[in-house]
Amino acid sequence: MINLICTDKQLLRVCISNEIITLKKTKYLVKKSKRIILQNSITSVVVELKQCSRIDKRGLELVNRIITHTTLPCQWNWE
């Protein structure tokens with residue numbers, strides 16, 4: 005399940021549990037996060053992947069590009 009939680013005006017928290025994250029879902033999260041950042045003046049995004057979650061190769065490549073080559077204030081945590 006993917007939950008988008010807006011805590012304060014500083015942080016958008018995305019909690020993912022028991023999901024297989026594909027390239028399509030990764031793109032969805034990025035687009036949704038960008039939209040929420042623009043609409044609500046949020047300064048950062050934290051994506052948390054729980055232990056039961058898995059991410060496929062193409063989705064992981066997109067995550068790496070987001071982290072290293074964009075200005076999207078995004079942090080990915082794996083628990």
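So for the sequence shown, our numbering puts the first residue at 5; every next one is plus one.
The beta-carbon is built from N, C-alpha and C at its ideal position, and this holds for glycine as well.
**Study point:** Secondary structure of residue 41, DSSP reduced to three states
**Key:** helix
Review point. Per DSSP, what kind of secondary structure is residue 23 in: helix, strand or coil?
Key: coil
Check your understanding: Less than 8 Å separating the beta-carbons of residue 22 and residue 50?
Key -> no
**Study point:** CA nearest to the CA of residue 64, picked from 29, 15, 19 and 18
**Key:** 29
Check your understanding: Can you name the residues that DSSP bridges to residue 34?
Key -> Residue 34 pairs with nothing; no bridge assigned.
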